[in-house]
Every structure is written in structure tokens, then in C-alpha cells.
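To start, the structure under review is shown below, and the notes come after it.
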Ligand SMILES: Nc1nc2c(c(=O)[nH]1)N[C@H]1C(S)=C(S)[C@@H](COP(=O)(O)O)O[C@H]1N2
Ligand SMILES: [Mo]
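In my numbering, the protein residues as written are 668 to 944.
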């Protein structure tokens, strides 16, 4: 079911254009102070509210739904990875809320000793090991987006970190054809998936490559201007506003590029693997 959108345009020019759009929108936002809908095609009432109401229209039990194909195809159609997530103003930021602590067992975890393991980096025979200092050397990005939990609540957070696409340019996945990956200009040719796991492997998410390298997807080390706390996934977590909260993995231990659809903790419990908004 979860295929890459064939129409996705992730060339450098299109990403620059996205960014210019976001900057423009942020300016408008601070002037007029209302929600900018990157999904304006849907009208004024977007995001999770729209999706939730659609699901109710369909008579699908919410939030513990089992018939998920409707959601998956809706998500693919309307919230596919070629669309930017809605942006919010600082005044719309909410208090943080903690949810989900699978893989965050304090036992034996020392954030000062943490390293990130990246598997199947193009051209490397061995896993790449990175420190938080290595991550912080990459271009820093801040954005205010909504994280929507499948339980039916959401928070609006200012996230700071590095765009996954910038990370992937530096530590690239393999191409499917040809002999060199080109993350920006030939995204369609990359292996199809990325998986992320906590250091103890207790929580794990699978992502389609298009969503992983979507310009809104960040590897984060700050929330609301503060360093990540352990409960929120210090020292590094995922913020992926094109997906439900479940995919926003806290305490990333391993990132693996792969051409095989990765295992996913909540997909194994009956939620849709794609979990797109
Ligand atoms: N390691 C880990 N990451 C996780 C979870 C979890 O249980 N373990 N829960 C997910 C869910 S369901 C949500 S809604 C968000 C909540 O993130 P927060 O605690 O920062 O609000 O984290 C996601 N990431
Ligand atoms: Mo969640």
C-alpha cells in the first residue's frame, strides 16, 4: 500500500521554493496571526480536524480504528509527502505533553554516552557512528508544527534540529540504479524506506523514503526552545508532521536505509503502517 508518490518533486529548486513559501507564510502569519494552511486546497478547516471529521463521516471508530485503508488512501491523496505541513505562530505553541515511553527505559541509558548508528550508508561497509556534536554540525532548522496523536489530541511545538534531507545528503542511502545517490535531484531512485529504532530496539518505526526526506521532517534536539528532556527522547528524536505522533520516534538509536518495508511497532498492533496525516 505504501508506495512513494510518483509525482513527488524533491528537486533542490522545489525545496527552495517550499522554504521561500514557508518564510512568506510565516511573515503573513505574524502580521495576521492566524493558521496558515499548507493544505489550503481543503479550505479553512484542515489538518487533523478535517481528517477526524472525515473518519467520523465514514463511521470509522476513532481513535481505535481497525479499518484503516480509508485513512491510508485519504492520507496518500490529501496529505501526501509533496505537501507542506501547516505552520503555526509562536503564540499558538502549546505546553508540551508526554506520551509513550516504550524504549525509554532509564536503565543503562546515559545520554552523554549516546551515539547514533546509521546502517547502509552509501559507500560505507560499516555502520556509521555519530555523536550529537556531529548532528549539530549539520544545518539547523526551526519550525512550528502540530504533532497529532492517534488518541485524538495534538500539540503545537517549536522543533529545532536538522532536516532529515540534509542529514541524508551527508549520509546518503543507496540508489536503486546508477552508481551514485542524488538525494535532492533523484529522490525517486533511492532505496524505498528508512527505519528508526530506540537503542534497546523496543520501539521502532518504518518510514517511506518520500516522507523521510520531506522538507518538514526533522531530527530534533530541542522542543520549544529547550534541549530535549529524556521523556521527550533526548538526545535526538524525530519530528515528522506529515505523520501521526506514533511515527515521531523518541530517543533514536539506529537509522537504517533499506529497500524492504521495515517493521513498525504500532503497525504490528493493527494501526496503518503509513500513518499519514
Ligand atoms: N521511543 C518512543 N517514541 C515514541 C513513543 C514511544 O512510546 N516510545 N510514542 C509515540 C507517540 S504515540 C506519541 S503521540 C509521541 C509523543 O511525543 P511526546 O511525548 O514528546 O509528546 O511520541 C511517539 N514516539
Ligand atoms: Mo500518539
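Beta carbons are placed, not taken as given, at the ideal position from N, Cα and C, and that holds for glycine.
Note that the structure is predicted; figures quoted are calculated from it, not measured.
Other residues of its chain near residue i: CB distance less than 7 Å, five sequence neighbours each side excluded
| i | result |
| --- | --- |
| residue 776 | 866 |
| residue 902 | 778, 781, 799, 888, 895 |
| residue 869 | 769, 770 |
| residue 880 | 677, 831, 832, 835, 850, 854 |
Opposing strand residues paired with residue i [DSSP bridges]
| i | result |
| --- | --- |
| residue 864 | 871, 921 |
| residue 890 | 826, 893 |
| residue 910 | 943 |
| residue 904 | 887 |
| residue 916 | Answer by DSSP bridge pairing: none, since residue 916 is not bridged. |
| residue 857 | 842 |
Test: residue i CB closer than 8 Å to a CB of chain D
| i | result |
| --- | --- |
| residue 836 | As a matter of chain content, chain D is missing from the structure shown, which is built from one protein chain. |
Cβ neighbour criterion (16 or more within 10 Å) applied to residue i
| i | result |
| --- | --- |
| residue 755 | buried |
| residue 657 | With the chain running from 668 to 944 in the structure shown, residue 657 is simply not present. |
| residue 931 | buried |
| residue 770 | buried |
| residue 843 | exposed |
| residue 758 | exposed |
| residue 942 | buried |
| residue 806 | exposed |
| residue 935 | exposed |
| residue 809 | exposed |
| residue 927 | exposed |
Neighbourhood of residue i by C-beta, 6 Å cutoff - its chain only, sequence neighbours within 5 removed
| i | result |
| --- | --- |
| residue 874 | 861 |
| residue 711 | Residue placement at residue 711 cannot be trusted, given a pLDDT of 34 that sits under 50; the coordinates are not used to answer. |
Cutoff 8 Å; reference residue i; Cβ partners in own chain excluding five residues on either side
| i | result |
| --- | --- |
| residue 802 | 783, 828, 829, 834, 886, 888, 903 |
| residue 773 | 897 |
| residue 837 | 805 |
Could you tell me which uninterrupted beta strand (DSSP E) segments, each at least 3 residues in length, are contained entirely in the stretch 763-845, listed from first to last along the chain? 783-786, 795-797, 808-815, 821-830
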